[in-house]
Amino acid sequence: MILKFDWRRPNDDAPVAAKIIEPAPIDGLGEVAAELTGPWPDYPAAIDEAMAAAERWIDSQLP
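In our numbering, the protein residues as written are 2 to 64.
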């Protein structure tokens, strides 16, 4: 899994969106598994929500 954050400006306190990307069969490529939108109060809050969403997505893929 890859977490990718989108920022409005480089020095903002928090990102405006996050994408959870799963690896694709071709090395170096990925497919978007989920997209999250803010606002978050700060970067740690954005990371917490994105990590929780990624864990839920991974758990949903288990048999």
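Ideal placement from N, C-alpha and C gives every residue a C-beta, glycine not left out.
In this structure, does DSSP put residue i in helix, strand or coil?
i, result
"P24", "strand"
"D13", "coil"
Going by the beta-carbon positions, is the gap between residue i and residue j smaller than 7 Å?
i, j, result
"A35", "A54", "yes"
"P24", "A47", "no"
"G31", "I3", "yes"
Please report the residue range of the alpha helix (DSSP H) in which residue i lies.
i, result
"D60", "Y44 to Q62"
Taking the continuous beta strand (DSSP E) assigned at residue i, which residues delimit it?
i, result
"V33", "G31 to T38"
Can you tell me which of the options puts its alpha carbon nearest to the alpha carbon of residue i?
i, options, result
"A51", "I22, D13, N12 and R10", "I22"
"K5", "W41, V33 and P42", "V33"
"D13", "E56, W41, K20 and I27", "W41"
"K20", "L63, I27, S61 and G39", "G39"
Can you tell me whether residue i is buried or exposed? The criterion is at least 16 other CB atoms within 10 Å of its CB, across all chains shown.
i, result
"W8", "exposed"
"L37", "buried"
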